[in-house]
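Enquirer: Chains as they are written, first to last, in the working numbering: chain A, 1 to 320; chain B, 1001 to 1320.
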DNA sequence: AGTTTAGCTGAACAAAATTGCATATCAAAG
DNA sequence: CTTTGATATGCAATTTTGTTCAGCTAAACT
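1) I need the DSSP call for residue 1008(B), collapsed to helix, strand or coil.
2) Does the CB of residue 1396(B) have a neighbour CB from chain A at under 9 Å?
3) Using a cut-off of 7 Å between C-beta atoms, extract the partners of residue 36(A) located in chain B.
4) Can you tell me whether residue 26(A) is helix, strand or coil according to DSSP?
5) Taking just the CA atoms, how far does residue 1209(B) sit from residue 1288(B)?
6) Just tell me which of 1091(B), 1146(B), 1172(B) has its CA closest to the CA of residue 1135(B).
7) Is the Cβ of residue 1028(B) closer than 9 Å to any Cβ of chain A?
8) Measure the alpha-carbon distance for residue 1078(B) versus residue 1089(B) and round it to whole angstroms.
9) Determine the chain B residues that contact residue 97(A) at a beta-carbon separation under 7 Å, and present them in chain order.
10) With a threshold of 9 Å between beta carbons, is residue 1101(B) in contact with chain A?
11) Give a yes or no on whether the minimum CB-CB distance between residue 61(A) and chain B is below 9 Å.
12) Please state whether DSSP places residue 319(A) in a helix, a strand or coil.
13) Classify residue 147(A) as helix, strand or coil using the three-state DSSP reduction.
14) For residue 61(A), write down the residues that DSSP places opposite it in a beta bridge.
15) Please state whether the Cβ-Cβ distance between residue 190(A) and residue 267(A) is less than 9 Å.
16) Are the C-beta of residue 1285(B) and some C-beta of chain A separated by less than 9 Å?
17) For residue 1251(B), write down the residues that DSSP places opposite it in a beta bridge.
18) By the criterion of Cβ-Cβ separation under 7 Å, what are the contact partners of residue 305(A) in chain B?
19) Closest by CA to residue 1122(B), which one among 1263(B), 1082(B), 1240(B), 1177(B)?
20) Mind checking which residues open and close the beta strand (DSSP E) that includes residue 1175(B)?
21) I want to see whether chain B comes within less than 9 Å of residue 16(A), judged by CB atoms only; does it?
22) Cα separation between residue 6(A) and residue 140(A)?
23) Would you decide whether residue 86(A) is buried or exposed? Buried here means 16 or more other CB atoms lie within 10 Å of its CB.
24) Tell me which residues share the same chain as residue 83(A) and place their Cβ nearer than 8 Å to its Cβ, disregarding the 5 neighbours each side in the sequence.
25) What in chain B is Cβ-close to residue 165(A), meaning under 7 Å?
26) Would you mind stating whether residue 1279(B) and residue 1250(B) have Cβ atoms separated by less than 9 Å?
27) Could you give the residue range of the beta strand (DSSP E) that holds residue 79(A)?
28) Using only the alpha-carbon positions, how far apart do residue 1004(B) and residue 1212(B) sit?
29) From the DSSP output, read off the bridge partner residues of residue 196(A).
30) May I ask you to list, following chain order, the residues of the segment 1066 to 1094 of chain B that have a beta carbon less than 9 Å from some beta carbon of chain A?
31) Can you name, in chain order, every residue of its own chain whose Cβ lies under 6 Å from the Cβ of residue 1009(B), other than the five neighbours on each side?
32) Pick helix, strand or coil for residue 1(A), following the three-state DSSP scheme.
33) Is there at least one Cβ from chain B nearer than 9 Å to residue 20(A)'s Cβ?
34) Check this for me: beta carbons of residue 1120(B) and residue 1167(B), under 9 Å apart or not?
35) Count the CB pairs spanning the segment 1024 to 1039 of chain B and the segment 1102 to 1118 of chain B that are closer than 8 Å, and state whether there are at least three.
36) Give the interface partners of residue 1124(B) over in chain A, defined as CB-CB distance under 9 Å, in chain order.
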């Protein structure tokens, strides 16, 4: 197996300093200058170390009180969509921060709800990436993480394989990956890939998962699926023309949640949509205005039991 | 029962705003000015709300990476004192912040280690107060908190009764208090108090606890036991002359951990020291240079199983 | 050696956060 | 309707934090 270059290495490899500085700054409440004296380093370096600590999730923030309005939305969502649980966070003021905020909440949820022995089937998306990043690194015995999606051929920072690996590493889980590209070049190749013994084995494990964590993608142009270029712009247009409102597990579906009839959906190497129902507890993590349509579609045709989202999306889902 | 004035009410009763502001500030990383626009309030008010949020523990900070040197100390402590677990945090740069730092760690420990059905016997101290304050408010089913100490007659911010109540409230536990003063005026009164049916009942419950959380006090002059004035300065001197190095559960003990022979120890209304051995899992939370002697004494004569402390104290305990 | 390059560093500046203080607001009491 | 006291607000001065940039060092390359 090739060397696993697990993201660019931190600029400050000295975890000791990061942790110490973070303690003094966040817990003890000292000023950065004071910390620089204590640690015997420059003030600016302290600042940079603290930034790195936040960046890497060495310090985590947890907001305890629930926001009243959000709690109401949670209740409405549970009722309307038959969820067992809903988490609604305040919407990010800055649109592009939505994944950050929702990911944060998802991390908190997962930290509290993954138990010994759980098998987690994992989807993919920017929001999930943030969730995984913020997950505390605490081993949970006999857990398993199984990726429901193939990988990207050229390693990208945002990659199903990478996400699953990182998740597994955080909770000390065994990790199973689909050793195939997300999209094969041709449908026949997809079938060939998927019928591989090793692939079938991983899909089988995913089917036995008790938790699925997944996200959905929209057609907005900052969507990774649009930008990474494994689907041609022309195909994206065709998909939309065919009624697709977005993707779930890289399958494009229409407003009713049904896969659209398009070649792309026959090239995808992923856990089959219709088999999601084998997984008892499906957690959908997604939010932001632009995701409302695809979220509604996903909710319509998949038995989601937990929804983690933001106010904007929650209101959008509940309107009309 | 008199009205329970549970600490001065927050200056900003609007939990909604606090939570929202905290999300935007800590999770999304917005500036206070930007938040003031979003929430439609003054910039300075945002600042004050955030302060209140920190103050009240609405936001919590968690530092994930362990500090290498601390981990080594933890190992040494476990070995040297036969502990099942040890937690060592960096020492506060500012001496007076030690309780804050250690309390933070204790809160994290308790949050992870209190389980459904646990019965927790609780001591008292500044460090414990901080620990309780930082504890996340999450109900844990069928838990019980039992105070091992009597209360202060004049309500003080730092009060065994208050601490137990707050702890119980945080985890949704039933709460049992010792309805007597910490120190009776005369030994005979102590005996009378302690033989009360209601008191015996609480002591009995404490004896059945599976977890005890306690701290120790030293003779340093910022120690609450010295300042609150229920022990006269002359008595404190006598105690020291008699060999006492500090107190555990308000019993004064010598360097070997044995109660000194002094009237004060016959006036204390608390769970009896020698019965601590009935509680299987005793967590000692304390730290700072000046506590080394009393901590060593406590460790010598009580089967502590978990020690939560700081670098200074850890080094002190391990030296010689 | 001479040159290039990447990585740090801190000085100087810009932005943001914090605090003390004066003023404004409001409700209860007169 | 006024007074009074408590509380809340914002201004301004100050401290702290964040950012940019130019210099420095040392390893890598020619």
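Cβ atoms here follow ideal geometry from the backbone N, Cα and C, with glycine treated the same way.
Expert: Quick look at the numbers:
1) Translated into the one-based positions of the second chain, residue 1008(B) becomes position 8. Here residue 1008(B) scores only 39 on pLDDT, less than 50, and its place in the model is too uncertain to base an answer on.
2) No answer is possible for residue 1396(B): the residues shown for chain B start at 1001 and end at 1320.
3) Looking up residue 36(A) in the first chain gives position 36. Those do not exist, as residue 36(A) stays about 11 Å from chain B at its closest Cβ, beyond 7 Å.
4) Sequence index remark: in the first chain, residue 26(A) carries index 26 (1-based). Helix at residue 26(A).
5) As a first step, residue 1288(B) is located in the second chain; it is residue number 288 there, counting from the start. As a first step, residue 1209(B) is located in the second chain; it is residue number 209 there, counting from the start. Cα to Cα, residue 1288(B) sits roughly 28 Å from residue 1209(B).
6) Numbered from 1 along the second chain, position 135 holds the residue referred to as residue 1135(B). Minimum Cα distance to residue 1135(B) is reached at 1172(B).
7) The residue you call residue 1028(B) lines up with position 28 of the second chain. Yes, because at least one Cβ of chain A sits closer than 9 Å to the Cβ of residue 1028(B).
8) Within the second chain, numbered from 1, the residue matching residue 1078(B) stands at position 78. Within the second chain, numbered from 1, the residue matching residue 1089(B) stands at position 89. Each residue's Cα considered, the two are about 15 Å apart.
9) Locating residue 97(A) in the first chain gives position 97, where the first residue counts as 1. Correct list: 1028.
10) Taking the second chain and counting its residues from 1, the one referred to as residue 1101(B) is at position 101. True, the Cβ-Cβ gap to chain A drops below 9 Å.
11) The residue given as residue 61(A) occupies position 61 in the first chain. Chain B contact via Cβ: present.
12) Locating residue 319(A) in the first chain gives position 319, where the first residue counts as 1. Reduced to three states, the DSSP call for residue 319(A) is coil.
13) In the first chain, counting from the first residue as 1, residue 147(A) sits at position 147. It is a strand residue.
14) Residue 61(A) sits at position 61 when you count from the first residue of the first chain. Per DSSP, 1061(B).
15) Translated into the one-based positions of the first chain, residue 190(A) becomes position 190. Translated into the one-based positions of the first chain, residue 267(A) becomes position 267. A contact, by the Cβ cut-off of 9 Å.
16) Taking the first residue of the second chain as position 1, residue 1285(B) is located at position 285. So no, residue 1285(B) is outside the interface.
17) For the purposes of this step, residue 1251(B) is identified with residue 251 of the second chain, where counting begins at 1. 1248(B).
18) By one-based count along the first chain, residue 305(A) stands at place 305. Within chain B, no residue comes near residue 305(A); the closest Cβ sits about 21 Å away, beyond 7 Å.
19) The count along the second chain starts at 1 and reaches residue 1122(B) at position 122. Among 1263(B), 1082(B), 1240(B), 1177(B), the Cα nearest to that of residue 1122(B) belongs to 1177(B).
20) Start at 1 with the first residue of the second chain, and residue 1175(B) comes out as number 175. 1174 to 1176 is the extent of the beta strand (DSSP E) around residue 1175(B).
21) Here the question's residue 16(A) lines up with position 16 in the first chain. At least one chain B Cβ lies under 9 Å of residue 16(A).
22) Taking the first residue of the first chain as 1, we reach residue 6(A) at position 6. Taking the first residue of the first chain as 1, we reach residue 140(A) at position 140. Reliability fails at residue 6(A), whose pLDDT of 37 lies under 50, so the model's placement of it is uncertain and the value that follows must be treated cautiously. One C-alpha to the other measures close to 21 Å.
23) Along the first chain, one-based indexing puts residue 86(A) at 86. It is buried - the Cβ of residue 86(A) has at least 16 other Cβ atoms within 10 Å.
24) Within the first chain, the letter at position 83 stands for residue 83(A). Correct list, in chain order: 77, 304, 305, 306, 307.
25) Within the first chain, residue 165(A) is the residue found at index 165, counting from 1. Per Cβ cutoff of 7 Å: no residues; residue 165(A) is ~18 Å from chain B at best.
26) Working through the second chain from its first residue, we reach residue 1279(B) at position 279. Working through the second chain from its first residue, we reach residue 1250(B) at position 250. No.
27) Counting from 1 along the first chain, the entry for residue 79(A) is found at position 79. Here residue 79(A) belongs to no beta strand (DSSP E); instead the alpha helix (DSSP H) covers 68 to 81.
28) As a working note, residue 1004(B) is residue 4 in the second chain. As a working note, residue 1212(B) is residue 212 in the second chain. Interpretation of residue 1004(B) is limited by its pLDDT of 34, a score under 50 that renders its predicted location unreliable; the figure taken from the coordinates is listed afterwards. Spanning the two alpha carbons is a distance of roughly 25 Å.
29) As a first step, residue 196(A) must be located in the first chain, where it is residue number 196. BP columns for residue 196(A) are empty, so no partner.
30) 1066, 1067, 1068, 1069, 1070, 1089, 1090, 1092, 1093, 1094
31) On the second chain, residue 1009(B) is found 9 positions in, with the first residue counted as 1. In this prediction, residue 1009(B) scores a pLDDT of 41, lower than 50, which makes its location untrustworthy; the coordinate-derived value is nonetheless stated afterwards. Closer than 6 Å at the Cβ level, and outside the excluded window around residue 1009(B), lies no residue.
32) Against the first chain, residue 1(A) aligns to sequence position 1. Reliability fails at residue 1(A), whose pLDDT of 34 lies under 50, so the model's placement of it is uncertain and the value that follows must be treated cautiously. Of the three classes helix, strand and coil, the one that applies to residue 1(A) here is coil, per DSSP.
33) Within the first chain, the letter at position 20 stands for residue 20(A). At least one chain B Cβ lies under 9 Å of residue 20(A).
34) Against the second chain, residue 1120(B) aligns to sequence position 120. Against the second chain, residue 1167(B) aligns to sequence position 167. Yes; because the gap between Cβ atoms is below 9 Å, this pair is in contact.
35) no
36) Position 124 of the second chain, counted from the start, is the residue given in the question as residue 1124(B). Simply none; closest approach about 22 Å.
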